[in-house]
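A quick write-up on the structure given underneath.
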């Protein structure tokens, strides 16, 4: 796996061990604009890696350092997600500039990068998340077109549950408590539900807590054979 160094000045020291991997899309009109911003000291943003649409991988920040990719975020009780995570920016114009599927060449090099990071840091599948998972009120990336299913089939991310469970008949409040237990920040309930749907039911993102959402979350919370977290 060839990685090209393109150092960014935007980093500092970690205060937590690495336990998470956060996937983003760049959300800019082209790759060079995104890379320039991630390396601009005035922008105060960065990531450890950028994966371009042709599959080229750039390393901007050493994994030992804290890159500035997560912003205000929360996952499973951790608020300084930057300190606890590796951040990967995947070149894609995003919802603002013409969101489109991620090319095969890009995903083909992203997958071994993810696998290598997970193995070296012992990151569990439940801690491989999108930016929208950790900041549901602010972010949509990497979005509903990202091939989470392909990662799940390789045991690199949690799969969408397939067990046909009965509706647990939670109240909406009970669902949100369970969603918080799974890892989401539910201060903005609708945003949290939308983020959950974007990750686990991308074909219908409406912010409504329905029977299917309840079934999916219940299956994720139950112990194996569904999968580890």
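In this note's numbering, the protein residues as written are -13 to 215.
We put the beta carbon where it would ideally sit given N, CA and C, even for glycine.
Because the structure is a prediction, the values reported are computed rather than measured.
Practice item. Could you tell me how far apart the beta carbons of residue 61 and residue 31 are, in whole angstroms, since I believe they sit closer than 8 Å? Key: In fact, because the Cβ distance is near 19 Å, the residues do not count as touching under 8 Å.
Point to revise | Range of the contiguous alpha helix (DSSP H) that encloses residue 161 | key: 158 to 168
Review point. Residues in its own chain within less than 7 Å of residue 154 by CB, not counting five upstream and five downstream?
Key: 200, 204
Check your understanding: With contact counted as at least three CB pairs below 8 Å, one residue from each stretch, are the stretch -10 to 7 and the stretch 104 to 117 in contact?
Key -> Touching, per the Cβ criterion.
Practice item. Look at the Cβ atom of residue 11, then the Cβ atom of residue 89, and state whether they are nearer than 8 Å. Key: no
Practice item. Ignoring anything shorter than 4 residues or poking outside the stretch 80 to 113, list the alpha helix (DSSP H) runs there in chain order. Key: 80 to 83, 90 to 107
Review point. Under the three-state reduction of DSSP, which class applies to residue 4: helix, strand or coil?
Key: coil
Check your understanding: Would a C-beta distance cut-off of 8 Å place residue 52 and residue 0 closer than the cut-off?
Key -> Yes, they are a contact pair.
Check your understanding: Taking all protein chains shown into account, do 16 or more other C-beta atoms lie within 10 angstroms of the C-beta of residue 211, making it buried, or fewer, making it exposed?
Key -> Unreliable placement is indicated for residue 211, whose pLDDT of 48 sits below 50; no coordinate value is reported for it.
Review point. Can you list, in chain order, the residues of its chain whose CB lies under 6 Å from that of residue 216, leaving out five sequence neighbours each side?
Key: There is simply no residue 216 to check, as the chain begins at -13 and stops at 215 in what is shown.
Check your understanding: Where does residue 212 fall in DSSP's three states?
Key -> For residue 212, the predicted model reports a pLDDT of 44, less than 50, meaning its position is unreliable; a value from the coordinates is still stated below. If DSSP states are grouped into helix, strand and coil, residue 212 belongs with coil.
**Study point:** Helix, strand or coil at residue 115 [DSSP, three-state]
**Key:** Three-state DSSP puts residue 115 in a strand.
Exercise for review: For residue 56, collect the residues of the same chain with a Cβ closer than 8 Å to its Cβ; drop the 5 residues on either side in sequence, then sort them by chain order.
Suggested key: 8, 67, 68, 71, 73, 117, 120, 121
Review point. Are the stretch 33 to 43 and the stretch 15 to 24 touching by the rule of at least three beta carbon pairs closer than 8 Å?
Key: The stretch 33 to 43 makes contact with the stretch 15 to 24, as at least three CB pairs between them are under 8 Å.
Check your understanding: In this structure, does DSSP put residue 73 in helix, strand or coil?
Key -> strand
Exercise for review: Spatial neighbours of residue -11 within its chain, please: CB distance less than 7 Å, with the 5 preceding and 5 following residues excluded, ordered by chain position.
Suggested key: 43, 45
Practice item. Report buried or exposed for residue 177, applying the criterion of at least 16 other Cβ atoms within 10 angstroms of its Cβ. Key: buried
Review point. Which same chain residues, not among the five before or five after residue 183, have their C-beta less than 8 Å away from its C-beta?
Key: Residues 190, 191, 192, 193, 199 of the same chain have their beta carbon placed closer than 8 Å to that of residue 183, with the five preceding and five following residues left out of the count.
**Study point:** residue 22, DSSP secondary structure in three states
**Key:** helix
**Study point:** Sub-8 Å separation of residue 167 and residue 208 beta-carbons
**Key:** no
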